[in-house]
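Shown next, in structure tokens, is the structure this report addresses.
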Ligand SMILES: Nc1ncnc2c1ncn2[C@@H]1O[C@H](COP(=O)(O)OP(=O)(O)OP(=O)(O)O)[C@@H](O)[C@H]1O
Ligand SMILES: Nc1ncnc2c1ncn2[C@@H]1O[C@H](COP(=O)(O)OP(=O)(O)OP(=O)(O)O)[C@@H](O)[C@H]1O
Ligand SMILES: [Mg+2]
Ligand SMILES: [Mg+2]
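Chains as they are written, first to last, in the working numbering: chain B, 813 to 1117; chain P, 308 to 810; chain U, -11 to 317; chain C, 49 to 398.
Here is the structure:
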């Protein structure tokens, strides 16, 4: 590092590390858990956190990072809104000798521009769901009708989860995605879309929702249509937030691939390592797993979010 | 006589429910001033708008210099050499006076507008017309009369073959009218064909060479002005012999009611608008405001209504001092105000005629106490007949009415409220001869019933004809109050204005 | 009254006064920021304001034309995103030369503007809907071209993105800022020194009157939308320079930022009154608020929003209090 | 025939019918309505139910637009109202208690109306342009909603609350009944009193309205308050329907949909004349459009293009200017060329 930390930084006491963190926005409960985790971890780790919310706009995020460069923070971390388009600002950070850590979502810039990427792999999550599906329907003789509730069109999680899932199920010709619509990652839209799809498609075997919220919305739609979620229509989702886990434990969801928002501790660890001059790994995948109904009931009491 | 520069043959134009023009022929020769005459709603403005391509005719053709043309719009008309002042002031309120004169044909060099040139030439033109206004002033800060003059200056400066003036003089006072006529005559002598619309017979007879009369959208005939008597003209226009034109003899009945004044203004004034003045109006009294253009009549009237807030003085209505902070306060005390600019301050074009008429009464009642349907129909019907508003369809959008009829709608709106004090700012603007006389009679009869009237008009004769008392204004200051008597003449008043002394 | 103060050689019109007040408030806000946050006062922060908002500035300037005619253009953000997408796609997939792609993209923007303007004028569709449909269409086309986010690897873009023009020791500019300033100058000149510009004001004042005065209303109105389309496309290209990438999710909500900037700058949404200088100030204001919050750095997401709202509110109230004298009529 | 097509509601209604028929072609059972679990069930019912919040918001928006204003903050108010109600209910011991729910609902509605009132004050008293005045609340309001929910979803499990946006009453969706009642009351209020006319007057010509003595400030404030209230009710419906308050996303971009509904219904954004029935039709058109997209399986990446095309067609068909141009082009050959009649017999004293 340049060792300038604190001198020009705003409010940084001597010796205290200043971390500038640019968050995507506050679009979901998942994101909020993520923010909270980072804030709490920074506090316990004794790191001075500069936090800024980009309201889902890349331009805001770029400007924020540039502002952190101006403020001469010690480390910059951010959850990129989109995958692309970070080269220039990352080079600026590099020129100012401020190390950058990515969290949660990847960027497609040259890896030399950032120190480390800490986060989940959306494609893997989609693949995990795909694997489960393959296994569940390996004996199926007839066609299996699948409905997919996609996330926000054009967003990285939606693209990657879809990619991962569809690449896996392609190996079984019985598995057919009969409807795939965007539910914008929200509960209300998940419900609305599912309500309409249920009317148009009498036979649905499996629902894959790109996140728990849409899944929960869809569960309500399914129940209102007089069907039993988890039984008449099997449901798989991604995220494993509290509500999702509850539904899983209740038997309304069949399987969830976790996408953990709790990266705070890991992030602070990395920041400290960087400041101490220790080497850090380029790619750190957050500790994530998958849950079946059984596992969910067991894990639920100790879940933090 | 050379061939017609402009000819319209068999032109018809209908609007939903109205036949505005039916098979009308019209000719305009170079070097003549041609008056287009007709009652309100006769189709004059429509004819003009067909001519300039604002409306496309349903049938018929327009010939310019003998050749058939199909005019696609005002812009096209301008390039064909037809320059027009439309009836309602049609300028851009957000631009300066100078710009309104030159917009669309700004002098420019290398593609860049030369502002200095525009200001210089505008100032020159305005002085030439005797218009006393800062060319850099925004148009909407100017009084309606000034706006009308600016529109005329603009049209005249576009040196055209045909100049069309649709009621250009409705807000102008004598001097301005004279100025305009001088210019018109000069242009005529230069060979320009001028089409002129006015409801002032005096003006028509003074300036026009020939006239075409329309009635109910149909052509009545084409006449030499010199050979047509006024009585005949009015007969052609109205289709009946008019008895209402007889002089009203009001001025002798100066039976002023010695009761408590309806309105008593004490040192009321507003900076930059009008100097503090005193004014008393008694029940049954008609008080006229006389003055030249821009002398502050409108300003004074607006203060009495709370349309603008006075910054000095007090107003007492019915004996009690009332702070006039908004029109509403005045209305609550029985004051009514008919503004001079009907387009921007009076009419609500979206609403129907009926709605426009009941609006003031309804506003006074509050929205919770709507007039019953029956009552509404009765009131609207009564006043539409009384004022002869045509077409007699209360459900027609007000924007579709002809200019004069719109003015009548505004009058009806306030008459319905049965005010104690009626303030009329140019109420006869754009109203045809017959209707004008009727309105004057109406004012007189209202006064007989005990209504106090404050009457503003650019037409001194009119003011003299009906007022009991005349307040003379000059340079935004009330300079004299004179009781009306047979000895008072328009010339006398002009003299007072000129000398600033009480005779 | 038309004039404030003495009637002399130097006259300050009320509208000018409003712009001055806005400028003063902006400076005051900046000064306050510098006092509270030491690093705030540096020249680079000011320059960054232009760098980070360059594309918004260009888009808002285009929007100013449309709003001056009394219309509105909701499609700007989407058209900008589409331009970025086209750049990325044509350069990356089809390998067309930059010299072809950039003009083509600008042309597409102009075309969008023309289409919307034509429909608005000739079919009398309300601008709000026509441009909303345009917005759906442009954003939809982005996704049709590619749902994925695409990086632009073309050297022209990557180099451009990193070009810095030094301006003193610690401060430097990007070419984007210069383009923004040029656009501003051209827009100012167009609005005040060409017939087209004056006709824009006239239409906004009263389009019926403008028609009767013989102004080319159809042409002017359509052109205003074309200007907005052009500016959006240019803004999209600048954004692509800024992020060297394209995505259908770029510039969501930019139309509201642009409209807000224009209106805060004192332009009336009803048309006919306002200045592009005001628009520049409006963009600066929005940028300054964001910057202050970034320097604050302790607010949660929702307090950020509330703070933006409150700062905006304060600013507008002050602007209103200081900038307006009583209107006469 | 002319009388029918000339009616101002004809074209929005026609568009709606065509859209529904198109759905019927693609999905044969689209019009079927059954009774399931003791209530009506079917796509048409869904459209009504899911369209309810939009209808309400658009209703309030219509009144504001009539005065020549606009309200961008409705989406934020939706979020706040739902957030507050759910927050209050979730804090109660017995979430199923009717009184508790009523209190929560009442407080949420009072707050929504107050927010509308605030907007109205800014527009009418302070004289700030409506778009900016309401933009402030649009930005800050969502922050407030997130503040209430702490950025998370607040789940409630309250049958009485569920009734508002997802329940049924006499086999009918309760939300639809609420909309029907609000629309009927509003219709009565604007057309049976003079309110509608006065609002139209203000929107048509503000200065002239002032000069006839209309207390326009009060009415404008009233309009915004009403709009806030409508958005508040819609917010309750949206959160009730999913038993969750989502401060982040509830009502997001809904202001655009609402304005679109108003305009499709035939009310001009410039203020003046308005039609409530048109607005309801407009909202139904928009809801039908979304449902169509979901049921017919338009791929999500072309959804927006599809929407653009439909909106464009809807608006063009509605535009008299467009129809006139298209019809004239077709009718021209049939119309006889305007023969110039022989000179009329006019007395010419030349
Ligand atoms: N746009 C329109 N739509 C429907 N009817 C109209 C329209 N314009 C004018 N009319 C009707 O056409 C007739 C002729 O109107 P026009 O304005 O030509 O009268 P005018 O002779 O100019 O009267 P005035 O002296 O009052 O100005 C009137 O009955 C009027 O109501
Ligand atoms: N907003 C304004 N700002 C500056 N000057 C104004 C404004 N409005 C009017 N004036 C000027 O004030 C003077 C008085 O105007 P007012 O309208 O009262 O005249 P008036 O006596 O009614 O005459 P008329 O109506 O025939 O023009 C005029 O010179 C007018 O140009
Ligand atoms: Mg006329
Ligand atoms: Mg006057």
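Using N, Cα and C, we set each Cβ at its ideal position, and we do this for glycine too.
If you draw a straight line from the Cα of residue 1039 of chain B to the Cα of residue 1045 of chain B, it comes to about 8 Å. Not a single CB atom of chain B sits nearer than 9 Å to the CB of residue 142 of chain U. Counting along the chain, residue 76 of chain U sits inside the alpha helix (DSSP H) bounded by residues 64 to 80. Residue environment: residue 960 of chain B is assigned as buried (16 or more neighbouring CB atoms within 10 Å of its CB, all protein chains considered). Between the alpha carbons of residue 806 of chain P and residue 574 of chain P lies a distance of about 23 Å.
Residue 781 of chain P: member of the beta strand (DSSP E) spanning 776 to 781, first to last residue.
Of all residues in the region 621 to 638 of chain P, the ones placed with a Cβ closer than 7 Å to any Cβ belonging to chain C are 634, 635, 638, in chain order. For residue 326 of chain C, the uninterrupted alpha helix (DSSP H) run begins and ends at 324 to 344, by DSSP. Within the model, the alpha-carbon separation for residue 761 of chain P versus residue 106 of chain C is close to 46 Å. Residue 55 of chain C sits exposed, since fewer than 16 C-beta atoms from the chains shown fall within 10 Å of its C-beta. Note on residue 381 of chain P: 16 or more other CB atoms within 10 angstroms of its CB, so buried under the neighbour-count rule. Counting every other CB atom within 10 Å of its CB across the protein chains shown gives residue 85 of chain C a total below 16, marking it as exposed.
Closest option to residue 981 of chain B, judged by alpha-carbon separation, among B/958, B/832, B/1059: B/958. The Cβ-Cβ distance between residue 328 of chain C and residue 231 of chain C falls below 9 Å. For residue 52 of chain U, no Cβ of chain P is located within less than 9 Å of the residue's own Cβ. In this structure, residue 715 of chain P has its CB at a distance of at least 8 Å from all heavy atoms of ligand 3. For residue 373 of chain P and residue 709 of chain P, the gap between their C-alpha atoms comes out near 31 Å.
At a cut-off of 9 Å between beta carbons, residue 1012 of chain B contacts chain C. In the DSSP assignment, residue 1053 of chain B falls outside any beta strand (DSSP E) and carries neither an H nor an E. Taking a 10 Å sphere around the C-beta of residue 101 of chain C, we find 16 or more other C-beta atoms and assign the residue as buried. Put simply, the region 203 to 223 of chain U touches the region 48 to 56 of chain U. At least three CB pairs are less than 8 Å apart.
Within the chosen limit of 8 Å, ligand 1 does not reach the beta carbon of residue 129 of chain C with any heavy atom. Put simply, the CB of residue 159 of chain U is far from chain P, with every gap to its CB atoms at 9 Å or more. Look at residue 709 of chain P: its beta carbon is less than 8 Å from one of the heavy atoms in ligand 1. When distances are taken from the beta-carbon of residue 349 of chain P to the heavy atoms of ligand 1, the shortest one is below 8 Å. Contact check for residue 1051 of chain B against residue 294 of chain C fails: the beta carbons are separated by 9 Å or more. With its beta carbon at least 9 Å from every one in chain C, residue 967 of chain B lies outside the interface. Here the region 491 to 506 of chain P lies against the region 729 to 744 of chain P, with 3 or more beta-carbon pairs under 8 Å apart. Shortest gap from the CB of residue 506 of chain P to any heavy atom of ligand 1: under 8 Å.
By the neighbour-count criterion, in which 16 or more other beta carbons inside 10 Å mark a residue as buried, residue 476 of chain P falls on the buried side. For residue 32 of chain U, no pairing in a beta bridge is given by DSSP. Here residue 644 of chain P is not near residue 607 of chain P, since their CB atoms are 9 Å or more apart. Excluding the 5 residues flanking it on each side, residue 112 of chain C has same chain C-beta neighbours closer than 7 Å at 118, 119, 271, 272, 275, in chain order.
Partner residues in the beta bridge of residue 420 of chain P, as assigned by DSSP, are P/415. Remark: the C-beta of residue 346 of chain P is outside contact range of ligand 3, defined as less than 8 Å to any heavy atom.
Residue 357 of chain C and residue 123 of chain U have their C-alpha atoms some 11 Å from each other.
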